[in-house]
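Following numbering that gives the first Met the number 0, the numbering of the sequence shown begins with 0 at its first residue and continues without gaps.
Glycine included, every Cβ here is placed at the ideal spot set by N, Cα and C.
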Amino acid sequence: MPSSSAVHRDDFMVADPGRWRGTRLLAHLTERLTSLHGFVDLSVHTLWLLMAQRHWLARDDPGLARSLEDRGERLLSQDGISPQSRRELISVLYNLRAMG
0 MPSSSAVHRD DFMVADPGRW RGTRLLAHLT ERLTSLHGFV DLSVHTLWLL
50 MAQRHWLARD DPGLARSLED RGERLLSQDG ISPQSRRELI SVLYNLRAMG
(Lines of atoms letter the chains of each structure in order from A; the text may use other names.)
(Lines give C-alpha, C1' and ligand atoms only; values in the text may rest on other atoms or scores of the structure.)
Protein backbone atom coordinates (compact mmCIF):
# COMPACT_ATOMS: atom_id res chain seq x y z
CA MET A 0 0.00 0.00 0.00
CA PRO A 1 1.47 3.39 -0.99
CA SER A 2 2.39 5.82 1.71
CA SER A 3 -0.16 8.56 2.30
CA SER A 4 2.71 11.03 2.54
CA ALA A 5 3.76 10.44 -1.08
CA VAL A 6 3.81 13.64 -3.09
CA HIS A 7 3.10 13.56 -6.81
CA ARG A 8 4.11 16.58 -8.82
CA ASP A 9 3.28 17.61 -12.34
CA ASP A 10 5.13 20.92 -12.53
CA PHE A 11 7.63 19.27 -14.89
CA MET A 12 4.98 19.54 -17.61
CA VAL A 13 5.24 23.33 -17.74
CA ALA A 14 9.01 23.50 -17.42
CA ASP A 15 10.94 25.27 -20.17
CA PRO A 16 11.26 22.72 -23.02
CA GLY A 17 14.46 24.32 -24.26
CA ARG A 18 14.93 24.12 -28.01
CA TRP A 19 12.04 21.72 -28.58
CA ARG A 20 9.59 23.41 -30.95
CA GLY A 21 6.82 20.84 -31.39
CA THR A 22 6.59 20.84 -35.18
CA ARG A 23 6.87 17.05 -35.47
CA LEU A 24 4.20 16.59 -32.81
CA LEU A 25 1.93 19.03 -34.67
CA ALA A 26 2.39 17.02 -37.88
CA HIS A 27 1.72 13.76 -36.03
CA LEU A 28 -1.49 15.09 -34.47
CA THR A 29 -2.65 16.63 -37.74
CA GLU A 30 -2.36 13.25 -39.47
CA ARG A 31 -4.62 11.76 -36.81
CA LEU A 32 -7.48 14.20 -37.28
CA THR A 33 -9.89 11.60 -38.60
CA SER A 34 -12.97 10.07 -37.05
CA LEU A 35 -11.54 6.65 -37.99
CA HIS A 36 -8.69 7.09 -35.53
CA GLY A 37 -9.51 5.40 -32.23
CA PHE A 38 -8.00 8.16 -30.13
CA VAL A 39 -9.26 11.18 -32.06
CA ASP A 40 -10.52 12.95 -28.92
CA LEU A 41 -7.11 12.57 -27.29
CA SER A 42 -5.41 13.83 -30.45
CA VAL A 43 -7.69 16.88 -30.61
CA HIS A 44 -7.14 17.70 -26.94
CA THR A 45 -3.36 17.34 -27.26
CA LEU A 46 -3.43 19.50 -30.40
CA TRP A 47 -5.47 22.13 -28.57
CA LEU A 48 -2.99 22.21 -25.67
CA LEU A 49 0.01 22.33 -28.00
CA MET A 50 -1.42 25.21 -30.01
CA ALA A 51 -2.43 27.08 -26.86
CA GLN A 52 1.18 27.02 -25.67
CA ARG A 53 2.87 27.34 -29.06
CA HIS A 54 0.39 29.25 -31.22
CA TRP A 55 3.20 30.30 -33.59
CA LEU A 56 3.88 26.69 -34.64
CA ALA A 57 1.57 26.91 -37.63
CA ARG A 58 3.79 29.64 -39.10
CA ASP A 59 6.77 27.24 -39.16
CA ASP A 60 5.22 25.21 -41.98
CA PRO A 61 2.43 26.82 -44.07
CA GLY A 62 1.70 23.49 -45.79
CA LEU A 63 1.16 21.83 -42.44
CA ALA A 64 -1.09 24.71 -41.38
CA ARG A 65 -3.22 24.20 -44.51
CA SER A 66 -3.39 20.46 -43.84
CA LEU A 67 -4.44 21.13 -40.24
CA GLU A 68 -7.18 23.47 -41.42
CA ASP A 69 -8.41 21.03 -44.10
CA ARG A 70 -8.40 17.99 -41.82
CA GLY A 71 -9.94 19.96 -38.97
CA GLU A 72 -12.79 21.23 -41.15
CA ARG A 73 -13.39 17.72 -42.50
CA LEU A 74 -13.51 16.28 -38.98
CA LEU A 75 -15.94 18.97 -37.81
CA SER A 76 -18.28 18.10 -40.70
CA GLN A 77 -18.53 14.50 -39.45
CA ASP A 78 -19.86 12.81 -36.37
CA GLY A 79 -17.54 10.89 -34.13
CA ILE A 80 -15.93 13.42 -31.81
CA SER A 81 -17.04 14.54 -28.38
CA PRO A 82 -18.58 17.98 -27.75
CA GLN A 83 -15.41 19.00 -25.90
CA SER A 84 -13.22 17.96 -28.84
CA ARG A 85 -15.50 19.87 -31.18
CA ARG A 86 -15.10 23.06 -29.09
CA GLU A 87 -11.34 22.61 -28.84
CA LEU A 88 -10.94 21.99 -32.56
CA ILE A 89 -13.08 25.02 -33.40
CA SER A 90 -10.81 27.07 -31.12
CA VAL A 91 -7.67 25.77 -32.85
CA LEU A 92 -9.05 26.55 -36.30
CA TYR A 93 -10.27 29.99 -35.25
CA ASN A 94 -6.83 30.89 -33.90
CA LEU A 95 -5.16 29.46 -36.99
CA ARG A 96 -7.26 31.72 -39.22
CA ALA A 97 -6.74 34.73 -36.96
CA MET A 98 -2.98 34.39 -37.41
CA GLY A 99 -3.42 34.54 -41.17
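- Around the Cβ of Gly71, a 10 Å sphere holds 16 or more other Cβ atoms; the residue is buried.
- By the C-beta density criterion, Thr33 is exposed, having fewer than 16 other C-beta atoms within 10 angstroms.
- For Leu75, the CB contacts under 8 angstroms within the same chain, skipping 5 residues up- and downstream, are Arg85, Leu88, Ile89 and Leu92 in chain order.
- Classified as buried, Trp47 has 16 or more neighbouring CB atoms from the shown chains inside 10 Å of its CB.
- In this structure Arg65 is exposed. Its beta-carbon is surrounded by fewer than 16 other beta-carbon atoms within 10 angstroms.
- Secondary structure at Ser84: helix, using DSSP grouped into helix, strand and coil.
- Measuring C-alpha to C-alpha distances from Gly99 to each of Ile80, Leu28, Ser81 and His54 identifies His54 as the nearest.
- For Asp78, the secondary structure class from DSSP, reduced to helix, strand or coil, is coil.
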